[in-house]
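See below for the structure under consideration.
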Amino acid sequence: KKKFLASIYCSEGLAKTLGYSSVADHRLANKMAASPETVRNFLNALTRRIRPVFIDRMESWSAYAQIKEMMSGDLQAHDLAYICRREAKLHYDVDPLDLMNHFPFWPTFQNLTQIIGHIFGLKFKDITETGLERAHQDAKIFSVKDTSTGEHLGRLYIDPYDRESKRGGWNTLLGRMECRTRGLDKLVYLVGSAIAPTENAPSLLHHQQLQQLLFHVGRAVQMLLSRSPYRDIAIPWSPFYASDWDAMDMFPAFLQFFVYKPSLLQSLSSPHLKNGSTISDEHANNVCLALSRATLWESYRSLFWADFDLTIFEMEDRKQKFWLDLYREMSKEYFPFKADRNDYHPCSFIPIFGLQPYMGMYYRKLWTEMLALDIHETFDYEDDVVKTGERLKTTILARGSGDVAKELYRRFQGRDPSVGAICDFYDPPSFYHLDNESALGR
1 KKKFLASIYC
11 SEGLAKTLGY
21 SSVADHRLAN
31 KMAASPETVR
41 NFLNALTRRI
51 RPVFIDRMES
61 WSAYAQIKEM
71 MSGDLQAHDL
81 AYICRREAKL
91 HYDVDPLDLM
101 NHFPFWPTFQ
111 NLTQIIGHIF
121 GLKFKDITET
131 GLERAHQDAK
141 IFSVKDTSTG
151 EHLGRLYIDP
161 YDRESKRGGW
171 NTLLGRMECR
181 TRGLDKLVYL
191 VGSAIAPTEN
201 APSLLHHQQL
211 QQLLFHVGRA
221 VQMLLSRSPY
231 RDIAIPWSPF
241 YASDWDAMDM
251 FPAFLQFFVY
261 KPSLLQSLSS
271 PHLKNGSTIS
281 DEHANNVCLA
291 LSRATLWESY
301 RSLFWADFDL
311 TIFEMEDRKQ
321 KFWLDLYREM
331 SKEYFPFKAD
341 RNDYHPCSFI
351 PIFGLQPYMG
361 MYYRKLWTEM
371 LALDIHETFD
381 YEDDVVKTGE
391 RLKTTILARG
401 SGDVAKELYR
411 RFQGRDPSVG
421 AICDFYDPPS
431 FYHLDNESAL
441 GR
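First residue of the sequence shown: 1, per UniProt numbering; consecutive thereafter.
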């Protein structure tokens with residue numbers, strides 16, 4: 001507790017010394033959100049739409065737990081990560097293990113590159129057998145070209161499978177920037193953790209691994225398309241203070257959300273390995289609905305922590321409220337669970353209190369989802385994938401972190417971000433009858 005409090009007081013003192021009213025005001029000054037007021041409006045808009053859905057969904061989760069899991073007592077917070085996912089898959093009759101047969105790794109990757117190529121005018125060419133050095137025989141190398149200009153963007157190295165001697169999980173690394181004077185192209189490394197193939201079966205992707213693949217291919221494309229001459233501003237890097245890294249994952253999340261679009265999910269898939277069937281329109285729709293339904297608990301929990309994080313660090317005087325009292329008050333407001341007298345969760349909640357640069361920044365997960373879904377809505381509204389994709393590529397991706405993310409987003413959309421799409425994602429319009437609040441400034 002002493003280290004926890006010392007970290008907060010130190011950050012508050014630094015913010016006041018630099019002329020900011022609070023830690024949150026200091027941390028957000030150079031971010032896309034720009035101010036605690038913008039984040040507060042964003043969280044309030046989400047809370048108004050998501051909380052009624054959470055309250056309603058608790059009844060479904062409780063009924064499922066009693067009937068299917070034989071749980072006699074009341075649900076607790078630690079039950080919901082499991083119950084939420086299981087109930088969603090049962091609700092839409094989706095078998096995640098059988099679904100894996102539609103997503104072998106390399107065919108899925110090839111389908112993904114074709115989709116990306118169509119949207120953004122890119123061509124991925126397999127150059128693995130041209131004599132280039134590889135860390136492992138399972139790794140493949142692709143040359144990436146911009147078909148609209150004929151420009152070689154760089155090479156993508158993919159080491160997709162988990163193995164005994166391999167460290168870590170999924171990651172994407174910018175190995176080398178382009179240097180034309182020395183004749184060097186850009187190198188990007190994508191390190192995966194998919195299940196390795198066997199003699200009898202190929203590598204199959206669980207839907208969670210599919211989302212990881214989409215996210216990290218998105219990060220790789222983001223790095224390859226950046227035309228910044230300097231590594232430090234190739235993309236927004238976290239946790240640099242002067243970098244608006246609350247927008248860092250916008251494009252990777254845009255690709256990750258392909259799994260919630262039935263037509264895109266079908267395009268990513270392959271015929272079933274055992275029976276040769278394809279994913280029907282109805283099944284694709286049910287899979288997307290099940291996956292989105294399964295995210296509610298984690299997103300609502302993230303909303304609580306983002307609210308708690310912002311409330312703690314936007315205080316101008318730390319003595320206004322003791323952190324534990326605030327935590328217990330907000331827990332009662334958000335959750336129906338009985339409080340544990342020994343619950344000191346914030347003391348060990350590293351994403352907020354572990355490092356000073358992350359204080360006041362927990363909102364970025366939901367903020368990233370808002371940006372990604374807002375872009376998806378723009379693609380749907382304009383109904384011209386190639387034209388919209390080219391505009392996204394030239395206005396945002398090509399600039400990297402060379403301009404302020406908020407200004408780049410305005411160049412693409414012609415406006416500030418809208419919360420409408422993310423609210424509709426968690427609370428579909430067919431069940432929503434109030435006026436849609438779409439502007440963050442309200």
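For each residue, glycine too, the CB sits at the ideal point set by N, CA and C.
Alpha carbon of residue i to alpha carbon of residue j, nearest angstrom
i           : j           : result
residue 206 : residue 307 : 32 Å
residue 278 : residue 96  : 15 Å
residue 349 : residue 365 : 16 Å
residue 235 : residue 120 : 18 Å
residue 148 : residue 393 : 11 Å
residue 351 : residue 359 : 8 Å
residue 451 : residue 380 : Residue 451 cannot be examined here, being either before or after the span of the chain that is shown, 1 to 442.
residue 298 : residue 135 : 36 Å
residue 401 : residue 91  : 42 Å
residue 320 : residue 222 : 43 Å
residue 130 : residue 143 : 11 Å
residue 48  : residue 303 : 11 Å
residue 114 : residue 82  : 35 Å
Three-state class that DSSP yields for residue i in the structure shown
i           : result
residue 118 : helix
residue 160 : strand
residue 198 : coil
residue 151 : strand
residue 300 : helix
residue 104 : strand
residue 418 : strand
residue 184 : strand
residue 204 : strand
Buried versus exposed, by CB contacts within 10 Å (16 or more), residue i
i           : result
residue 89  : buried
residue 327 : buried
residue 322 : exposed
residue 156 : buried
residue 201 : exposed
residue 18  : exposed
residue 78  : exposed
residue 405 : buried
residue 186 : buried
residue 218 : buried
Enclosing beta strand (DSSP E) for residue i [first to last residue]
i           : result
residue 141 : 140-146
residue 171 : 171-176
Opening and closing residue of the alpha helix (DSSP H) in which residue i lies
i           : result
residue 27  : 23-28
residue 51  : 36-67
residue 279 : Note, residue 279: premise wrong, no alpha helix (DSSP H); not H, not E.
residue 341 : Taken as a continuous stretch (DSSP letters only), residue 341 belongs to no alpha helix (DSSP H), as it is neither H nor E.
residue 266 : 262-268
residue 98  : 96-99
residue 84  : 77-91
residue 349 : Run containing residue 349: none; DSSP gives neither H nor E here.
residue 387 : 385-392
Beta-bridge partners of residue i, as assigned by DSSP
i           : result
residue 124 : 144
residue 189 : 157, 173
residue 288 : DSSP, once it has assigned bridges, lists no residue as partnering residue 288.
residue 423 : Its beta-bridge partners do not exist; DSSP assigns none.
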